[in-house]
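J.: Residue numbers (our numbering): 1 to 78. Each residue gets a CB set at the ideal place from its N, CA and C atoms; glycine is no exception. Since we're looking at a predicted model, the values are computed, not measured. I have a structure I would like to understand better, so I am pasting it below and will then ask my questions one at a time.
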């Protein structure tokens with residue numbers, strides 16, 4: 001049996017106007033990308049390629065090259 005060669009893939013996404021290059025051996029969900037960046041879903045609104053995304057749908061949405069992501073943080077106060 002031949003060993004499979006692991007190939008990494010680099011994708012580029014834009015988050016709030018800042019470009020990120022992501023190198024990975026497997027697909028990355030929008031959910032895992034946002035968690036990796038340290039955001040809490042209870043405090044943000046997410047737009048992915050001009051569509052508002054819920055936390056649950058972000059778990060099955062895979063990042064694609066040249067995707068546009070906007071995150072708005074909800075801040076309380078008075």
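Near residue 15, which residues of its chain fall below 6 Å by C-beta distance, leaving aside the five closest residues on each side in sequence?
T.: The residue you call residue 15 lines up with position 15 of the chain shown. Excluding residues within five positions, the ones whose Cβ falls inside 6 Å are 69.
J.: With a cut-off of 8 Å, do at least 3 Cβ pairs link the region 50-57 to the region 11-27?
T.: no
J.: Can you tell me where the alpha helix (DSSP H) with residue 7 in it begins and where it stops?
T.: Translated into the one-based positions of the chain shown, residue 7 becomes position 7. Where residue 7 is concerned, there is no enclosing alpha helix (DSSP H), given that its DSSP letter is neither H nor E.
J.: Report the rounded CA-to-CA distance for residue 28 versus residue 76, giving the unit in angstroms.
T.: Start at 1 with the first residue of the chain shown, and residue 28 comes out as number 28. Start at 1 with the first residue of the chain shown, and residue 76 comes out as number 76. Each residue's alpha carbon lies about 31 Å from the other.
J.: In whole angstroms, what is the alpha-carbon distance linking residue 41 and residue 7?
T.: Position 41 of the chain shown, counted from the first residue, corresponds to residue 41. Position 7 of the chain shown, counted from the first residue, corresponds to residue 7. Spanning the two alpha carbons is a distance of roughly 31 Å.
J.: Roughly how many angstroms lie between the CA atoms of residue 11 and residue 43, to the nearest whole one?
T.: One-based indexing of the chain shown puts residue 11 at position 11. One-based indexing of the chain shown puts residue 43 at position 43. Pairing residue 11 with residue 43, the inter-Cα distance amounts to about 26 Å.
J.: Along the chain, where does the beta strand (DSSP E) that runs through residue 22 open and close?
T.: Here the question's residue 22 lines up with position 22 in the chain shown. The continuous beta strand (DSSP E) containing residue 22 extends over residues 18-24.
J.: Is it right to say residue 63 is buried, meaning 16 or more other beta carbons lie within 10 angstroms of its own, or is it exposed?
T.: Residue 63 sits at position 63 when you count from the first residue of the chain shown. Buried, by the Cβ-count rule.
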